[in-house]
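**Q** First the structure, then my questions, so here it is.
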Amino acid sequence: MAKETKTKGQLLQKKLSKIDKSAWEFGKKQEIILFSKDYKDFLSECKTERDVAEFLVKNARKEGFKDIDVVRKYKEGLKVYSVFNKKLVVLGILGKKKPSDGLKIIGSHLDSPRIDLKPNPLYEDQGIGLLKTHYYGGIKKYQWVNVPLELKGVVFTNDEKKIDISIGSKKEDPVFVISDLLPHLGKDQANRKGYKVVEGEELNVLIGNIPFEDEKIEEKVKLNILKILNEQYGIKEEDLVSAELELVPALEPRDVGLDRSMIGGYGQDDRSHVFISFKALLTANPTYTVLTCFFDKEEIGSESSTGAQSLFLENFVSKLLDLEGCEVKYSTLSEVFRKSEVLSADVDGAFNPTYPDVHDPKNSTRLGHGLCLTKYTGSGGKYNANDAHAEYVSKIRTLYNQNKVPWQAGELGKVDFGGGGTIAAYLAHRGMNVIDTGISVLGMHSPYEISSKADIYQAFRAFSAFLNLKK
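Its first residue numbered 4, the sequence shown is counted upward by one per residue in this note's numbering.
Right, dumping it as structure tokens:
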């Protein structure tokens, strides 16, 4: 059969147009499947920010990482880490080029939207034991009702003893539920606006129903719950004030679709990139000194001592400079940051074909079509955005192309329809070149987000290429 000759227009199109391909067309499917299996195991194990930090430190130590506070001398290839308040972790590998030459950094966040307990959560009403809550991060509250939930976290007693709590992850464990109103009585509720279908003060969690056997006690169910907590964990009601207890979906990560091309699971925003960047670091053989930073509190504005707005990164880099033998002062840090380059690794919202009206089809990212390059975030007129400089966008685009990493450019929805922020703006504030890049997901901030296995693997390849940059 004669070979088909391409037309002038077809040749010109191939030369000038960006051809969008499925991420499954890049790389071996078996490698993609294997990587996704480890990823699902990670999601199953790590459902709170403390879980993630513990996972990172434990596995980093196995790979030879040392606490930076015990290191006394700079040595190329040395692996270091630091953890703060069990919720912020920085890992690094010392390069041939020293920290004063600039750093290659991948930043992600290890917190996810969830339901937190109030300081005084336990009460009884109509013979039912309940917990009062305060949701964390941006959620559609109605998505969290009638869903099995785990209770996880820590409680500190009056004598400052730490009690670890994890109830609902094992098959034999009970789970917890926020009960919704039945449709037979839900006429008025159905007339509420979407974000008010379930109000914040209606996110009350079922915790018990058996009364304590004593006729002289009024809140018998509440007392029985306190009795169980005291017998099993040594906890008193006052101890719940000094606790960090979170309700997260008691749902295991699963393959999605007949072709098993997708992964459903809680917390993929942004634990997907925590896992991916950690794996990329473990395989890195860098020229520059490289860091992977895992921040807390991104979902509520990157505040507090463990968020990206804190000075923890400055403290860590100061220790690197001290190892190098540099005089550590503000101007030195500023110069290091000015020379540094960052990937802000966070998810984007994939085009949802069921709700096309909120997307700009030409500027939306698609599930299974590779890594997103998000030049700017924010909302409206780019308010509260990091807007990456064209020179840096060009460098990262070229890096992806040279390594045959499929990528797509886009933004989160139509102009004026909404938007969102990441840690990028706070890292850029330090003077570093930063761009948001990562996988896109469906159902972001829901109890069960959906990602593409191919996108996850391609992100690993992209992050690996970045950490091994020569210049």
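Built from N, CA and C at the ideal position, the CB exists for glycine as well.
Decide if Leu-185 is buried, meaning its Cβ has at least 16 other Cβ atoms within 10 Å, or exposed.
**A** Exposed.
**Q** Is it buried or exposed, Asn-161, if we count other Cβ atoms within 10 angstroms and call 16 or more buried?
**A** Under this definition Asn-161 is an exposed residue.
**Q** Check whether the segment 261 to 271 touches the segment 89 to 104, counting contact only when three or more Cβ pairs, one atom from each stretch, lie closer than 8 Å.
**A** The segment 261 to 271 is not in contact with the segment 89 to 104.
**Q** Report the three-state DSSP secondary structure of Phe-117 (helix, strand or coil).
**A** For the record, residue 117 in the displayed sequence is Arg; it is not Phe. In this structure, Arg-117 counts as strand in the three-state DSSP scheme.
**Q** Taking Cβ positions, are Asn-389 and Val-320 nearer each other than 7 Å?
**A** For Asn-389 and Val-320, no; Cβs fall outside 7 Å.
**Q** Which residue comes first and which comes last in the alpha helix (DSSP H) that contains Lys-135?
**A** No alpha helix (DSSP H) contains Lys-135, which is instead part of the beta strand (DSSP E) from 131 to 139.
**Q** Using 8 Å as the cut-off, can you tell me whether the segment 148 to 155 makes contact with the segment 168 to 184, which would need three or more C-beta pairs spanning the two stretches below that distance?
**A** Yes: at least three Cβ pairs fall under 8 Å.
**Q** Could you please give the first and the last residue of the uninterrupted beta strand (DSSP E) stretch that includes Lys-107?
**A** Where Lys-107 is concerned, the enclosing beta strand (DSSP E) stretches over 106 to 112.
**Q** Please name the residue in Glu-218, Ile-426, Asn-212 and Lys-398 whose C-alpha comes closest to that of Ile-231.
**A** Out of Glu-218, Ile-426, Asn-212 and Lys-398, Asn-212 has the C-alpha closest to the C-alpha of Ile-231.
**Q** Would you check if the distance between the CB atom of Ile-118 and the CB atom of Leu-250 is smaller than 7 Å?
**A** Contact: yes.
**Q** State the DSSP-derived secondary structure class of Ser-103, mapped to helix, strand or coil.
**A** Ser-103: helix per DSSP, three-state reduction.
**Q** At what residues does the beta strand (DSSP E) containing Arg-257 begin and finish?
**A** Arg-257 -> beta strand (DSSP E) spans 257 to 259.
**Q** Ignoring anything shorter than 4 residues, give me the alpha helix (DSSP H) runs that lie fully in the segment 311 to 339, in order along the chain.
**A** Those alpha helix (DSSP H) runs which fall completely within the segment 311 to 339 and span 4+ residues are 315 to 327.
**Q** In whole angstroms, give me the CA-to-CA distance for Thr-290 and Glu-240.
**A** Between Thr-290 and Glu-240, the C-alpha separation is close to 54 Å.
**Q** Whose CA, out of Leu-323, Leu-324 and Cys-296, lies closest to the CA of Ala-311?
**A** The candidate whose alpha carbon is nearest that of Ala-311 is Cys-296.
**Q** Output needed for Asp-325: all residues of its chain with C-beta closer than 7 Å, excluding positions within five of it in sequence on either side, in chain order.
**A** Around Asp-325: Val-331.
**Q** What span of residues does the alpha helix (DSSP H) with Gly-12 cover, start to end?
**A** Gly-12 -> alpha helix (DSSP H) spans 11 to 19.
**Q** Could you tell me how far apart the beta carbons of Tyr-460 and Gly-30 are, in whole angstroms, since I believe they sit closer than 8 Å?
**A** Correct: roughly 6 Å between the Cβ atoms.
**Q** If contact is defined by three or more beta carbon pairs under 8 Å, each pair taking one atom from either stretch, is the segment 441 to 453 in contact with the segment 59 to 72?
**A** No, because fewer than three Cβ pairs between the segment 59 to 72 and the segment 441 to 453 fall closer than 8 Å, the two stretches do not touch.
**Q** Using the C-alpha atoms, what's the distance from Ile-142 back to Tyr-198?
**A** If I take the Cα positions, the gap works out to 9 Å.
**Q** Runs of 3 residues minimum, wholly inside the segment 31 to 103: which ones carry the beta strand (DSSP E) assignment?
**A** Entirely contained in the segment 31 to 103, the beta strand (DSSP E) runs reaching 3 residues are, in chain order, 82 to 87 and 91 to 96.
**Q** Among the candidates Gln-192, Asp-351, Pro-124 and Asp-439, whose CA atom is the shortest distance from the CA of Glu-247?
**A** Of Gln-192, Asp-351, Pro-124 and Asp-439, the residue nearest in Cα terms is Pro-124.
**Q** Between which residues of its own chain and Arg-464 is the CB-CB distance below 6 Å, once the five residues before and five after are set aside?
**A** Excluding positions up to five away in sequence, the list reads Val-408.
**Q** DSSP three-state label for Leu-439, please.
**A** According to the sequence shown, residue 439 is Asp rather than Leu. It is a strand residue.
**Q** With a threshold of 8 Å on Cβ separation, who are the neighbours of Leu-243 within its own chain once the five nearest residues in sequence on each side are excluded?
**A** Closer than 8 Å at the Cβ level, and outside the excluded window around Leu-243, lie Leu-120, Pro-122, Asn-123, Pro-124, Leu-125 and Val-158.
**Q** Mark Phe-281 as exposed unless 16 or more other C-beta atoms lie within 10 angstroms of its C-beta, in which case mark it buried.
**A** So Phe-281 ends up on the buried side.
**Q** Could you check if Val-73 is buried or exposed, using at least 16 other CB atoms within 10 Å of its CB as the buried criterion?
**A** Under this definition Val-73 is an exposed residue.
**Q** Judging by CA-CA distance, which residue of Leu-14, Glu-28 and Leu-470 is the nearest neighbour of Thr-286?
**A** For Thr-286, the nearest C-alpha among the options comes from Leu-470.
**Q** Which first and last residues belong to the alpha helix (DSSP H) in which Gln-146 is found?
**A** Counting along the chain, Gln-146 falls outside any alpha helix (DSSP H), and DSSP gives it neither H nor E.
**Q** Determine the burial state of Tyr-42: buried for a count of at least 16 other Cβ atoms within 10 Å of its Cβ, exposed for fewer.
**A** When all chains shown are included, Tyr-42 counts as buried.
**Q** Measuring alpha carbon to alpha carbon, tell me which residue in Met-435, Asn-62 and Leu-209 is nearest Ile-109.
**A** Comparing Cα-Cα distances from Ile-109 to each of Met-435, Asn-62 and Leu-209, the minimum goes to Met-435.
**Q** What residue does the alpha helix (DSSP H) around Thr-401 start on, and which one ends it?
**A** Unbroken alpha helix (DSSP H) run through Thr-401: 393 to 405.
**Q** Can you check DSSP and say which residues form a bridge with Val-157?
**A** Paired residue(s): Asp-167 and Glu-247.
**Q** Could you check whether Leu-415 and Val-345 sit closer than 7 Å to each other, using their CB atoms as the reference points?
**A** Result no, Cβ atoms of Val-345 and Leu-415 do not sit closer than 7 Å.
**Q** Look at Thr-380 and Gly-424 and say whether their C-beta atoms are less than 7 Å apart.
**A** Yes; because the gap between Cβ atoms is below 7 Å, this pair is in contact.
**Q** Counting C-beta neighbours from all protein chains within 10 Å, is the total for Asp-54 16 or more, i.e. buried, or is it exposed?
**A** By the 10 Å Cβ count, Asp-54 comes out buried.
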